[in-house]
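Under my numbering, the residues of the sequence shown are numbered -1 to 71, in order.
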Amino acid sequence: MKRHHRRKRRAPRVRRTSKPGASPGTIETAPGAPPPRMHVTQYDAVELQEAQLESANQLRPLVGQRAVTWINV
């Protein structure tokens, strides 16, 4: 009886999205991609506040204002 050789499965090819040497977790947007939309919802026992942001730089002043902060990107 002949032995059948099984084909080895190739590992899936990983496509690099960041440049070699970039820090782990670096996120790059595709050229021509629309800017991300950010919606922030903050609330506590007394108040609810919602805002639409244009830049991630606008997030820092909002952190810690309320008990809960939700950020949808």
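Ideal Cβ positions, reconstructed from N, Cα and C, are used throughout, including at glycine.
For residue i, is the beta carbon positioned less than 6 angstroms from some heavy atom of the ligand SAM?
| i | result |
| --- | --- |
| A28 | As far as ligands go, the structure on display features none, and thus does not contain the ligand SAM. |
Are residue i and residue j close, meaning C-beta to C-beta below 7 angstroms?
| i | j | result |
| --- | --- | --- |
| V71 | P34 | yes |
| L46 | M36 | no |
List the DSSP bridge partners of residue i.
| i | result |
| --- | --- |
| N70 | H37 |
| L51 | M36 |
Would you say the stretch 11 to 24 touches the stretch 37 to 44, given that touching needs at least three Cβ pairs under 8 angstroms? The stretch 11 to 24 makes no contact with the stretch 37 to 44: fewer than 3 CB pairs, one atom from each, lie closer than 8 angstroms.
Can you give, in chain order, each stretch of the alpha helix (DSSP H) that sits fully within the stretch 6 to 45 and has at least 4 residues? The DSSP assignment places no complete alpha helix (DSSP H) segment of no fewer than 4 residues inside the stretch 6 to 45.
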